[in-house]
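Engineer: In this text, residue positions in the sequence shown follow my numbering: the first is 143, and each later residue adds one.
Note that beta-carbon positions come from the ideal geometry of N, C-alpha and C, so glycine has one too.
It should be emphasised that the depicted structure is a prediction, and the values quoted were computed from it without experimental measurement.
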Amino acid sequence: MRISNENDDVVRMICNPSTGQYAILPPDLRTGYQEVGGFLGFDPIGKQFKVLVYKRRVDDELVYQILILGTENMKWREIICPLTYGPYGYRWEHICINGVLYYIADDPDEEHDMIGCFDVRFEKFKFVHLAPYCLPNWSTKLINYKGKLGVINLEDDYDDGGFSLKISMWVLENVEKHEWTTYAYTLRAENKVVKVSQNLSVIGVTGSGDIVLANHNLYKPIYVFYFNPERNTLLCVEIQGVREEEEWFKNHKVYCFVNHVEDLRFDVMKTTSISPPEQSTSTSSREAEAHQVRTVAHLKQDR
């Protein structure tokens with residue numbers, strides 16, 4: 143999905159990369175907006191995809207509009223959000239789980255960032271405080287964790303020729319009570335993987351429960367990592383068959399996707415989740431015991 147405010151000539155569209163089918167979203171008024179972002183959500187009961195767009199005016203007023211895809215005459219409708227929490231920064235990180243669209247939100251008047259919870263079917267907003275010590279940054283990723291919202295942050299260190307990695311994950315256990323459970327996984331110092339010169343980012347979660355990480359900048363060699371929180375294992379895969387010319391790397395980017403299937407509707411209706419390690423019932427923001435990664439594997443793969 144392409145939602146942008148770069149200039150008035152940009153065409154907003156949504157496409158299926160498998161079939162090549164696409165739909166151009168109807169135009170809307172863009173006067174006086176300094177920030178525009180969009181989310182894609184799915185209502186599993188009504189079997190409808192909806193596009194939620196937020197706009198921030200020059201005077202900081204937030205405006206939300208919604209569009210139902212697949213209707214004969216697609217039109218934007220303005221909807222009301224009772225609070226002034228806007229999406230966090232310019233990343234517009236979000237995920238739709240069981241008909242609820244989650245995104246990171248912030249408010250200048252609040253000490254803690256929030257999670258926006260948008261009911262796609264009833265088009266209602268709700269906000270939940272993020273867990274203590276969960277500070278959104280460039281690495282923050284929202285995932286489907288066994289049907290619940292998971293928030294992942296990475297901490298890494300490249301000063302010693304390999305990398306040591308800490309994965310912190312917060313799982314939203316109870317929306318009404320703002321209860322979170324915290325998990326921490328750390329790669330042991332003696333288990334260096336490979337020399338990765340650039341930062342990693344979380345791509346998503348596979349159907350088998352692996353958290354997928356990859357370089358977010360294009361440098362050779364290209365690695366993809368699969369971390370399994372149940373087995374505490376980290377698998378490294380080198381992607382081969384990439385051109386060798388340095389100039390090529392300067393002018394191209396690589397995007398990684400998980401669970402790519404031929405039918406977008408199947409992908410959304412059968413959402414991906416991972417099973418957590420055994421954990422006692424959480425209290426508000428209870429922290430689980432830190433886990434140590436005990437196995438490292440390194441494979442090469444042609445793509």
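#1: Since I353 contacts F369 with CB under 8 Å, what's their CB separation in whole angstroms?
#2: Suppose only complete runs of 3+ residues qualify. What are the beta strand (DSSP E) ranges in the region 204-231, listed by chain order?
#3: Output the boundary residues of the beta strand (DSSP E) element that contains T375.
#4: So V262 and K192 are supposed to be a Cβ contact under 8 Å. How far apart are they, rounded?
#5: Quick one: measure Cβ to Cβ for L167 and G183, integer angstroms, because I've assumed they're closer than 8 Å.
#6: Can you give the Cα-Cα distance for V313 and E321, rounded to whole angstroms?
#7: When burial is assigned at 16 or more other CB atoms within 10 Å of the CB, is S160 buried or exposed?
#8: Along the beta strand (DSSP E) that carries I237, what are the first and last residues, could you check?
#9: Report the partner residues of S343 according to the DSSP bridge assignment.
#10: Are there 16 or more other CB atoms within 10 angstroms of the CB of V153, so buried, or fewer, so exposed?
#11: Residue range of the beta strand (DSSP E) that D255 falls in?
#12: So, helix, strand or coil for S417, using DSSP?
Structural biologist: Inspection of the coordinates gives the following:
#1: 5 Å
#2: 204-210, 219-221
#3: 375-382
#4: 5 Å
#5: Not a contact, Cβ separation roughly 14 Å.
#6: 8 Å
#7: exposed
#8: Bounds of the beta strand (DSSP E) holding I237 are 236-239.
#9: A356
#10: exposed
#11: DSSP places D255 in no beta strand (DSSP E); its state is neither H nor E.
#12: Low per-residue confidence applies at S417: pLDDT is 38, beneath 50, and the placement is therefore not dependable enough to give any value.
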